[in-house]
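Asks:
Residue numbers (UniProt numbering): 1 to 192.
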């Protein structure tokens with residue numbers, strides 16, 4: 001399994017530049033939202049949603065552990081930018097956890113997912129324009145390549161389900177591996 005994949009998500013990018021790597025994941029998330037919303041039946045919707053949920057959970061955890069702390073340290077005004085992104089990520093985790101409880105193939109599920117899609121895509125746009133572009137300015141190619149490796153390592157231990165309240169790097173390092181173990185066991189049981 002590649003560093004960018006979880007048991008239920010495809011390989012996203014082989015880029016060694018962290019900005020390109022994360023932007024490619026944003027593009028994959030956009031496509032997974034579309035696939036989930038356009039699924040022809042509840043079973044197909046569940047399969048697409050499981051990929052979306054896993055990638056979103058893993059992606060956000062890796063950003064919280066590796067990207068946001070670097071932005072705080074390296075970017076002027078980085079703390080304010082990161083605080084806003086963490087607030088958005090917390091809200092998205094709550095929404096995603098609520099969506100997990102809904103029945104696939106229902107109008108209620110689709111309506112909730114559309115709201116989450118709007119919030120997540122707005123969040124991704126802000127990351128790209130407020131964080132990623134500044135990382136490109138502040139870090140050289142070698143530093144960005146090292147960050148990619150760090151993000152990929154974080155993704156390997158990241159939970160595959162949302163855990164609202166675990167948004168800081170410290171909380172993710174403390175709770176992430178345990179939550180990941182439980183999530184991945186839960187995922188395996190749901191596939192069997």
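We put the beta carbon where it would ideally sit given N, CA and C, even for glycine.
These numbers come from a predicted model, not from an experiment.
Taking buried to mean at least 16 other C-beta atoms within 10 Å of its own C-beta, is residue 92 buried or exposed?
Replies: As a first step, residue 92 is located in the chain shown; it is residue number 92 there, counting from the start. That one is buried.
Asks: Among 159, 100, 136, which has the Cα closest to the Cα of residue 21?
Replies: The sequence position of residue 21 within the chain shown is 21, counting from 1. Nearest C-alpha to residue 21: 136.
Asks: For residue 141, which residues in the same chain have their Cβ closer than 6 Å to its Cβ, ignoring the five residues on either side in sequence?
Replies: Working through the chain shown from its first residue, we reach residue 141 at position 141. Excluding sequence neighbours, residue 141 sits near nothing in its chain.
Asks: Going by other Cβ atoms of all chains shown within 10 Å of its Cβ, with 16 needed for buried, is residue 77 buried or exposed?
Replies: As a position in the chain shown, residue 77 is number 77, starting the count at 1. Exposed is the call here.
Asks: Three or more beta-carbon pairs under 8 Å between the segment 123–133 and the segment 148–163, yes or no?
Replies: The segment 123–133 vs the segment 148–163: no contact.
Asks: On the three-state DSSP scale, how would you describe residue 104?
Replies: The residue given as residue 104 occupies position 104 in the chain shown. Coil.
Asks: Please report the distance separating the alpha-carbon of residue 37 from that of residue 54.
Replies: Against the chain shown, residue 37 aligns to sequence position 37. Against the chain shown, residue 54 aligns to sequence position 54. Roughly 16 Å between the two C-alpha positions.
Asks: Straight-line CA distance for residue 72 to residue 40?
Replies: Numbered from its first residue, the chain shown carries residue 72 at position 72. Numbered from its first residue, the chain shown carries residue 40 at position 40. Straight-line Cα distance between these residues: approximately 43 Å.
Asks: Give the straight-line distance between the Cα atoms of residue 35 and residue 52, rounded to the nearest whole angstrom.
Replies: Counting from one through the chain shown, the residue named residue 35 turns up at place 35. Counting from one through the chain shown, the residue named residue 52 turns up at place 52. Roughly 9 Å separates the two Cα atoms.
Asks: Compare the Cα-Cα distances from residue 97 to each of 105, 143, 49 and report the closest residue.
Replies: Indexing the chain shown from 1 puts residue 97 at position 97. It is 49.
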